[in-house]
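Asker:
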Amino acid sequence: TLPMWLELEMEHEVFFEDFFKFAEDEATLLNIMAVPVFAFFSWLLLSGKRYNFGENLILNTYITAQQLFFVLWLVPFLEIAPQAKQFMIGIYTGLMMLYNGWVYVQFYSPGKPKVSTITLSALAVLFAYIYQLPLNMLVFYAYDHYVHPHIHWVPSITP
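Here the numbering used here runs 25 ahead of the position in the sequence shown, where the first position is 1.
So this is what it looks like as structure tokens:
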């Protein structure tokens, strides 16, 4: 549910409630979609001429796989204390942003990290997260308005 301090009109509140439910149910889809977004920003801000976009896709696929592994450790805590879900997801997201930036710094500036690499890594992660949210909402909107209403045509397997 949305925090109480976030005052929204009812239609927007319903949209966000449905969006967050979709994001939870379709997390794999959204994680797969995030890989090219993060790859684009790491390529744009960090690669220069050293690594191409495909190599950035591989790096960000690795990072996403590690993040999904870390979320496995979070699941038991979410089952034990579901009332703390928003808090735990917030902490997880912050830690994964730090992890993502740390991997960029390690990859693009091996040895002693440069201040410029740390700054650009932070910007790449920040821009990717900022861009990813509206993209996820767009996917949800398309799914909710164009895909989901037409799923009824799929024949039932059970007699």
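Built from N, CA and C at the ideal position, the CB exists for glycine as well.
How would you call residue 84, buried or exposed, if buried means at least 16 neighbouring beta carbons within 10 angstroms?
Answerer: With 16 or more Cβ atoms within 10 Å of its Cβ, residue 84 is classed as buried.
Asker: List the endpoints of the continuous alpha helix (DSSP H) containing residue 131.
Answerer: Unbroken alpha helix (DSSP H) run through residue 131: 110-133.
Asker: Does the distance from the C-beta atom of residue 44 to that of residue 165 stay below 9 Å?
Answerer: Against a cut-off of 9 Å, the Cβ pair of residue 165 and residue 44 comes out as a contact.
Asker: Can you tell me whether residue 46 is helix, strand or coil according to DSSP?
Answerer: If DSSP states are grouped into helix, strand and coil, residue 46 belongs with the helices.
Asker: Take residue 132 and list the residues in its own chain whose beta-carbon comes closer than 7 Å to its own, dropping the five residues that flank it on each side.
Answerer: Around residue 132: 84.
Asker: Would the region 132-143 and the region 50-58 be scored as touching if the rule is three or more Cβ pairs under 8 Å?
Answerer: Short answer: they don't touch.
Asker: Output the distance between the C-alpha atoms of residue 145 and residue 122, rounded to the nearest integer angstrom.
Answerer: Distance between the alpha carbons of residue 145 and residue 122: 13 Å.
Asker: Return the first residue and the last residue of the alpha helix (DSSP H) that residue 104 is part of.
Answerer: Element bounds for residue 104: 78-105.
Asker: Closer than 6 Å by C-beta to residue 65: which residues in its own chain qualify, once you throw out the five before and the five after it? Chain order, please.
Answerer: Closer than 6 Å at the Cβ level, and outside the excluded window around residue 65, lies no residue.
Asker: Could you tell me the boundaries of the alpha helix (DSSP H) in which residue 159 lies?
Answerer: It spans 140-167 - the alpha helix (DSSP H) in which residue 159 sits, taken as one unbroken run.
Asker: How should residue 129 be labelled, buried or exposed, when 16 other C-beta atoms within 10 angstroms of its C-beta is the threshold for buried?
Answerer: Buried: at least 16 other Cβ atoms inside 10 Å.
Asker: Since residue 70 and residue 148 are thought to touch, with beta carbons under 8 Å apart, how far apart are those beta carbons, to the nearest angstrom?
Answerer: Sure, about 6 Å apart at Cβ, within 8 Å.
Asker: I need the DSSP call for residue 38, collapsed to helix, strand or coil.
Answerer: Note: residue 38 maps to helix in three-state DSSP.
Asker: Terminal residues of the continuous alpha helix (DSSP H) containing residue 67?
Answerer: Residue 67 -> alpha helix (DSSP H) spans 52-67.
Asker: Mind checking residue 119: buried by the 16 CB within 10 Å criterion, or exposed?
Answerer: Classification for residue 119: exposed.
Asker: Does the beta-carbon of residue 253 have 16 or more other beta-carbons within 10 angstroms, so that it is buried, or is it exposed?
Answerer: No answer is possible for residue 253: the residues shown for the chain start at 26 and end at 184.
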